[in-house]
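Reading the sequence shown from the start, the letters are residues 29 to 263 in the numbering used here. All C-beta atoms, glycine included, are put in the ideal place defined by N, C-alpha and C. Computed from a predicted model, the values in this text were never measured in an experiment. What follows is a short report on a single structure.
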Amino acid sequence: MLILPNGHQSRLLIPIAVIFAGVLIVSNIVAIKMVNFDGLNPFGAVYFPGAVIIFPISYIFGDILAEVYGFRIARMTIWSAFLANVIVVFSIIIVMEMPSAPFWDDQDAYEAILGPVWRIVLGSFLAFIAGEFANTYVLVRMKKITKGRFLWSRTITSTIVGQGLDTAIFTTVAFVGSAAFQGGILIWQEWIAKVIYEAIGTPFTYMVVNFLKKHEGIDTFDSDDLSYNPFKIWS
29 MLILPNGHQS
39 RLLIPIAVIF
49 AGVLIVSNIV
59 AIKMVNFDGL
69 NPFGAVYFPG
79 AVIIFPISYI
89 FGDILAEVYG
99 FRIARMTIWS
109 AFLANVIVVF
119 SIIIVMEMPS
129 APFWDDQDAY
139 EAILGPVWRI
149 VLGSFLAFIA
159 GEFANTYVLV
169 RMKKITKGRF
179 LWSRTITSTI
189 VGQGLDTAIF
199 TTVAFVGSAA
209 FQGGILIWQE
219 WIAKVIYEAI
229 GTPFTYMVVN
239 FLKKHEGIDT
249 FDSDDLSYNP
259 FKIWS
């Protein structure tokens, strides 16, 4: 159990953080596949990285972390999830470079599916850090401005900002110059889809936030003297 800022022991922060990190790791693995979403789009053909079906969940849980526990704990959780993803990526690389058993004939398949496409890895890392911290900052600052009211306005606004940065950075770094980039159309289409995803998930966010606040006995309002520097992990 962890000690919260209010002095209580948390039984639920670690499971929330694990889900947050797990979603990030899975998203980066499935992002390599471009998925056809024609059937869901009345305006024509649209293709998104496979991560679009799960990655927005990380923003929902990022909102939950920031809303309930505050910027400091959210910051530490974001960096922990980032570190976990780095470990996964380098573990895949190490295993890929090790010599195969003579009877194992799937090296090419392993490299094709799990072998890191460096543009995707770099884009994912940069986008995650920029997007998640922008999302968290907007949410906690708006919480003070709204005096804790109108949670829906904070989650949606922070998602518009955070997912906007995330989508623009990731899509540009990972796909610019390829057919998937579609002249930049992919950015705004994916951005809109993620914001709609967040809006649909708002009742779930309310449910989890209210549950955590009740059972953890905490509702954090960050002080004005708190450092919002994302790199001051221990401040």
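- A Cβ-Cβ distance of about 16 Å is found for the pair A112 and A102, leaving them out of contact under the 8 Å criterion.
- I92 sits close to I44, with the two beta carbons spaced by under 9 Å.
- For the beta strand (DSSP E) assignment, the uninterrupted runs of no fewer than 3 residues enclosed by the segment 59-113 are, from N- to C-terminal side, 62-64 and 75-77.
- A contact between stretches requires three or more CB pairs, one per stretch, nearer than 8 Å, and the segment 127-142 fails this requirement with the segment 170-187.
- For S186, the enclosing alpha helix (DSSP H) stretches over residues L179 to F203.
- Here the alpha carbon of M170 sits roughly 25 Å from the alpha carbon of I47.
- Two segments are said to touch when three or more pairs of C-beta atoms, one from each, lie closer than 8 Å; by this definition the segment 192-206 touches the segment 156-170.
- K171: member of the alpha helix (DSSP H) spanning W146 to I173, first to last residue.
- Taken through DSSP and simplified to helix, strand or coil, W132 comes out as coil.
- With at least 16 other beta carbons inside 10 angstroms of its own, W219 counts as buried.
- Cβ-Cβ distances below 8 Å link V63 to Y75, F76, P77, G78, V80 and I81 in the same chain, with the five nearest sequence neighbours on each side left out; the list follows chain order.
- Annotation for W219: the continuous alpha helix (DSSP H) segment containing it runs I213 to I228.
- For F232, the number of other beta carbons within 10 angstroms of its own is below 16, and it is reported as exposed.
- For T233, the secondary structure class from DSSP, reduced to helix, strand or coil, is helix.
- Here K241 really is in contact with V96; their C-beta atoms are around 6 Å apart, less than 8 Å.
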